[in-house]
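Visitor: Before I ask anything, let me first share the structure, which is written out below as structure tokens.
Protein chains: 2
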Amino acid sequence: MAQIETPYLLFLGDAPDQLAAKVAQGIKDWRPEFAVGQYRMEGCKADMGLPDMNLATAKAAGCRTLVIGVANRGGIISPAWKKVLVAALEEGFDLASGLHNLLRDEPELVAVAQACGRTLHDVRVPSVAYPIANGVKRTGKRMLAVGTDCSVGKMYTALCIEKEMRARGMAADFRATGQTGILITGDGVPLDAVIADFMAGSVEYLTPDNDAEHWDLIEGQGSLFHVSYSGVTMALVHGGQPDALVLCHEPTRPHMRGLPGYTLPSLEALRDVALTLARVANPACVVVGISVNTQHMAEDEAKAYLARLEAEMGLPATDPFRFGAEKLVDALAAI
Amino acid sequence: MAQIETPYLLFLGDAPDQLAAKVAQGIKDWRPEFAVGQYRMEGCKADMGLPDMNLATAKAAGCRTLVIGVANRGGIISPAWKKVLVAALEEGFDLASGLHNLLRDEPELVAVAQACGRTLHDVRVPSVAYPIANGVKRTGKRMLAVGTDCSVGKMYTALCIEKEMRARGMAADFRATGQTGILITGDGVPLDAVIADFMAGSVEYLTPDNDAEHWDLIEGQGSLFHVSYSGVTMALVHGGQPDALVLCHEPTRPHMRGLPGYTLPSLEALRDVALTLARVANPACVVVGISVNTQHMAEDEAKAYLARLEAEMGLPATDPFRFGAEKLVDALAAI
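Keeping their order, the protein sequence lines are chains A and B.
3 is the number of the first residue of the first sequence in my numbering; add one for each residue after it.
3 is the number of the first residue of the second sequence in my numbering; add one for each residue after it.
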């Protein structure tokens, strides 16, 4: 993945609601320094609270890349969008997108980008020939977020920890393994699109040797207990060579995401399986804490749940997005 | 993967030794009814003990597909081979290959195949758009071979069990997940070349609903303890939904294949991790036995080792290629 040039103009298109612009929201929340302005088309119902800009004003404000921060149904590039994208290339912007409909599959965009010397970044698919993992021990420290299920807050957990570590002056980098994370940070590995044999190697590539005290905070994917995607998770556990695992959970979910009939594992089961497997690659790996997505719980209820978890599991537990990541960073700093 | 038409003419090319023709050997050992003849070029040092045929005699003998049963260094298609392959297409044969150098990447072969209406089968890469796994319980029975390491005999174990089951009149099919296995049986999923998100789905696709007493005997890949390939293994454990696991081991290996510094797990560790994970997809899954590759042990030594394993693990243990698969099939039939 070639590094995407910053800062960004966030393209919100004709987003039908705020949720459709979650990529733009993620960039604005986690890399506000990249989010210079927003481009909204007629009828756009999303608003990041950023200055509204047209292409000329965004160019003058220093934006280098127009990032498609919105997803419509089916992940396609609509004709209405395409006019704006062509004009952006002509104005001198690169384009970046995580849509299933690749920029490179649109002949008009390819032709204009070539004519204008601009780059089309499709973060949905890999642009690197990753190696096969060699398992050699790397320098520096690594944290991996592992979940009882998909979409329980693993990306937000890693980003919250990065923010808190950086606030403390620690050396730390979020390492993106999914499309949203890559667009937020401008770099990463789209792990779900990597060829099976190269998955663990792509994670080694993403988290190379580093300073002894540097932390790679690796975005998790899937779950070892999610039968559709567990192979991807396994590659993170072994390719990531984590020194520390943070267990991620969403307590109100009735069944595994997309799998009616599959109940979520207990946090104890996740701890035991993930740690056993992680120690194959790094015998020193430990579980340092629990991150709970409490968005569907009242504040009192959430705090009582976290207190009970801490007592039961003997590990610090928090909702890092709601209550801060201090406890998790304290535990990581103690390694 | 489109089914490869049988029977085969086995192309041994200019194989420098018998080992270079291990694909041809596998077909001859496990699907002798497909192996009508062999085609050997000047200087060929391999011999399957089959009738030597030229293209015309093979055609007259009923061969439908020329299978490249030999691998040279780098997996490339040499100019000397290409002449034979072109002539084979013109003679009316399809071609099948597991080489890294794809048939479809050779313009001359593509042109002649098109002109003659023949099919090029590159089993190295998928030709199917596999679904994402849905985890829905399927009918029929499934056995998965899981290993302490790569290349410990998982394919041979599944093939030995298939042979013994068929000899007993049981309904059983070996399900190939690697290039050699696909060429042996003419069908399967090249799992190491599947995109990450679709790995488990491709295994579900390979092992669909079947008669209640039918056994799918699924070829394993990699190992849950091999950090380069464990994600592929994980997808087999969850996508395969096995009712039974057979543990596969090679006792004389000093370290994990290709990973100096990584010791092999114990069979107990493999049993515990594999069973815990397999029960996510199929709570009724059991470990039925142990298959040991004893090729580097004297017969007495091998028998003593197997007896000790049986006592220690409380499971039937055999080298199915050397001593027969009866014990494993007895255990499977009892489920």
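Don't be surprised by glycine CBs; every beta carbon is placed ideally from N, CA and C.
Note that the structure is predicted; figures quoted are calculated from it, not measured.
1. What are the partner residues of His-251/B, as DSSP defines its beta bridges?
2. Considering only residues of the same chain and omitting the five flanking positions on each side of Arg-255/B, which have a CB-CB separation below 7 Å?
3. Using the three-state DSSP reduction, which class does Asp-218/A fall into: helix, strand or coil?
4. Classify Asp-19/B: buried if its beta carbon has 16 or more other beta carbons within 10 angstroms, exposed otherwise.
5. Measuring only the C-alpha atoms, how far is Phe-13/B from Ala-327/B?
6. Quick one: measure Cβ to Cβ for Asp-189/A and Ala-178/A, integer angstroms, because I've assumed they're closer than 8 Å.
7. Can you check DSSP and say which residues form a bridge with Leu-11/B?
8. Below 8 Å on the Cβ atoms is my guess for Leu-247/B versus Ala-280/B; work out the distance and round it to an integer in Å.
9. Given that Thr-1/B touches chain A, what residues does it touch there, using C-beta distances under 7 Å?
10. Specify the secondary structure class of Ala-115/B as computed by DSSP and reduced to three states.
11. If the cut-off is 7 Å on Cβ atoms, which residues from the region 257-272 of chain B count as contacting chain A, listed in chain order?
12. By a C-beta neighbour count over all protein chains shown, 10 Å radius and 16 as the cutoff for buried, is Arg-310/A buried or exposed?
13. Taking only beta-carbon positions, decide if Ile-134/A is within less than 8 Å of chain B.
14. Checking 8 Å against the spacing of the C-beta atoms, do Leu-308/A and Val-294/A come in under that value?
15. For the beta strand (DSSP E) containing Ser-99/A, name the first residue and the last one.
16. Alpha carbon to alpha carbon, how far is Lys-329/A from Met-145/A?
17. For Leu-101/B versus Arg-120/B, is the C-beta spacing smaller than 8 Å?
18. Beta carbon of Ala-202/A, beta carbon of His-240/A: below 8 Å?
19. For Ala-60/A, which residues from the same chain have a beta carbon less than 6 Å from its beta carbon, with the 5 sequence-adjacent residues on both sides left out?
20. Indicate whether Ala-22/B and Val-72/B have their beta-carbon atoms separated by less than 8 Å.
21. For Gly-45/A, collect the residues of the same chain with a Cβ closer than 6 Å to its Cβ; drop the 5 residues on either side in sequence, then sort them by chain order.
22. Select from Arg-42/A, Cys-250/A, Leu-52/A the residue whose C-alpha is nearest the C-alpha of Ile-29/A.
23. Using the beta-carbon count (16 or more within 10 Å), is Gly-180/A buried or exposed?
24. With hydrogens ignored, establish whether the beta-carbon of Val-88/B is closer than 7 Å to any heavy atom of the ligand ATP.
25. Are Ala-174/B and Trp-217/B closer than 8 Å when you measure CB to CB?
26. How far does the beta strand (DSSP E) with His-123/B in it extend, from its first residue to its last?
27. Identify the contact partners of Ala-198/B in chain A, using a Cβ-Cβ distance below 7 Å as the criterion.
28. Roughly how many angstroms lie between the CA atoms of Asp-332/A and Arg-140/A, to the nearest whole one?
29. Pull out every residue of the region 282-301 of chain A whose Cβ sits closer than 7 Å to any Cβ of chain B, in chain order.
30. Tell whether a beta-carbon distance below 8 Å holds between Val-229/B and Ala-135/A.
31. Would you identify the three-state DSSP class for Met-29/B, choosing helix, strand or coil?
Guide: Reading from the atomic positions:
1. As a first step, residue 251/B must be located in the second sequence, where it is residue number 249. Among the bridge pairs identified by DSSP, His-251/B is matched with Val-294/B.
2. Locating residue 255/B in the second sequence gives position 253, where the first residue counts as 1. Listed in chain order, the non-local C-beta contacts of Arg-255/B below 7 Å within the same chain comprise Asp-151, Leu-266, local neighbours out to five positions each way being set aside.
3. On the first sequence, residue 218/A is found 216 positions in, with the first residue counted as 1. In the three-state DSSP reduction, Asp-218/A falls in the strand class (E or B).
4. Numbered from its first residue, the second sequence carries residue 19/B at position 17. Around the beta-carbon of Asp-19/B, fewer than 16 other beta-carbon atoms lie within 10 Å, marking it exposed.
5. Position 11 of the second sequence, counting from 1, holds the residue named residue 13/B. Position 325 of the second sequence, counting from 1, holds the residue named residue 327/B. Whole-angstrom Cα-Cα distance: 30 Å.
6. As a working mapping, residue 189/A is identified with position 187 in the first sequence. As a working mapping, residue 178/A is identified with position 176 in the first sequence. For Asp-189/A against Ala-178/A, the beta-carbon gap comes to about 7 Å, under 8 Å, which counts as contact.
7. On the second sequence, position 9 is the one that residue 11/B refers to. In DSSP, Leu-11/B forms a bridge with Gly-39/B, Leu-68/B.
8. Residue numbering aside, residue 247/B sits at position 245 when the second sequence is read from its first letter. Residue numbering aside, residue 280/B sits at position 278 when the second sequence is read from its first letter. Right, their Cβ atoms sit about 6 Å apart.
9. The requested residue 1/B does not occur in the structure, where chain B is confined to residues 3 to 337.
10. For the purposes of this step, residue 115/B is identified with residue 113 of the second sequence, where counting begins at 1. When secondary structure is reduced to three states using DSSP, Ala-115/B falls in the helix class.
11. For the region 257-272 of chain B, which is checked against every Cβ of chain A, the residues closer than 7 Å are Leu-261, Tyr-264.
12. Numbered from 1 along the first sequence, position 308 holds the residue referred to as residue 310/A. Classification for Arg-310/A: exposed.
13. Numbered from 1 along the first sequence, position 132 holds the residue referred to as residue 134/A. Chain B places a beta carbon closer than 8 Å to that of Ile-134/A, counting this residue as a contact.
14. Within the first sequence, numbered from 1, the residue matching residue 308/A stands at position 306. Within the first sequence, numbered from 1, the residue matching residue 294/A stands at position 292. Yes; because the gap between Cβ atoms is below 8 Å, this pair is in contact.
15. Translated into the one-based positions of the first sequence, residue 99/A becomes position 97. From DSSP, the beta strand (DSSP E) with Ser-99/A extends over 96-99.
16. Within the first sequence, residue 329/A is the residue found at index 327, counting from 1. Within the first sequence, residue 145/A is the residue found at index 143, counting from 1. In this model, Lys-329/A and Met-145/A are separated by some 14 Å (Cα to Cα).
17. Taking the second sequence and counting its residues from 1, one reaches residue 101/B at position 99. Taking the second sequence and counting its residues from 1, one reaches residue 120/B at position 118. Between Leu-101/B and Arg-120/B, the C-beta gap is not smaller than 8 Å, which leaves the two residues out of contact.
18. One-based indexing of the first sequence puts residue 202/A at position 200. One-based indexing of the first sequence puts residue 240/A at position 238. For Ala-202/A and His-240/A, yes; Cβs fall inside 8 Å.
19. By 1-based counting over the first sequence, the position of residue 60/A is 58. Correct list, in chain order: Leu-11, Gly-39.
20. Within the second sequence, residue 22/B is the residue found at index 20, counting from 1. Within the second sequence, residue 72/B is the residue found at index 70, counting from 1. Taking 8 Å as the cut-off, the Cβ atoms of Ala-22/B and Val-72/B count as close.
21. In the first sequence, the residue the question calls residue 45/A occupies position 43. Sequence-distant Cβ neighbours of Gly-45/A in its own chain, meaning closer than 6 Å and more than five residues away, are Asp-16.
22. As a first step, residue 29/A is located in the first sequence; it is residue number 27 there, counting from the start. Ranking Arg-42/A, Cys-250/A, Leu-52/A by Cα distance to Ile-29/A puts Leu-52/A first.
23. Mapped onto the first sequence, residue 180/A falls at position 178. By the neighbour-count criterion, in which 16 or more other beta carbons inside 10 Å mark a residue as buried, Gly-180/A falls on the buried side.
24. Inclusion of the ligand ATP in the displayed structure is not the case, the ligand content being empty and no account of it being possible.
25. For this step, residue 174/B is matched to residue 172 along the second sequence. For this step, residue 217/B is matched to residue 215 along the second sequence. Less than 8 Å divides the Cβ of Ala-174/B from the Cβ of Trp-217/B.
26. The sequence position of residue 123/B within the second sequence is 121, counting from 1. Bounds of the beta strand (DSSP E) holding His-123/B are 122-124.
27. If you number the second sequence from 1, residue 198/B lands on position 196. Ordered by position in chain A, the residues that pass the 7 Å Cβ test against Ala-198/B are Leu-193, Asp-194, Ala-195, Val-196, Ala-198, Met-201, Gly-233, Val-234.
28. Taking the first residue of the first sequence as 1, we reach residue 332/A at position 330. Taking the first residue of the first sequence as 1, we reach residue 140/A at position 138. Asp-332/A and Arg-140/A have their alpha carbons spaced roughly 23 Å apart.
29. So the list reads Val-282, Ala-283, given in the order they occur along the chain.
30. For this step, residue 229/B is matched to residue 227 along the second sequence. For this step, residue 135/A is matched to residue 133 along the first sequence. Yes; because the gap between Cβ atoms is below 8 Å, this pair is in contact.
31. One-based indexing of the second sequence puts residue 29/B at position 27. According to the sequence provided, residue 29/B is Ile. The question's Met does not apply to it. Under the three-state reduction of DSSP output, Ile-29/B falls in the helix class.
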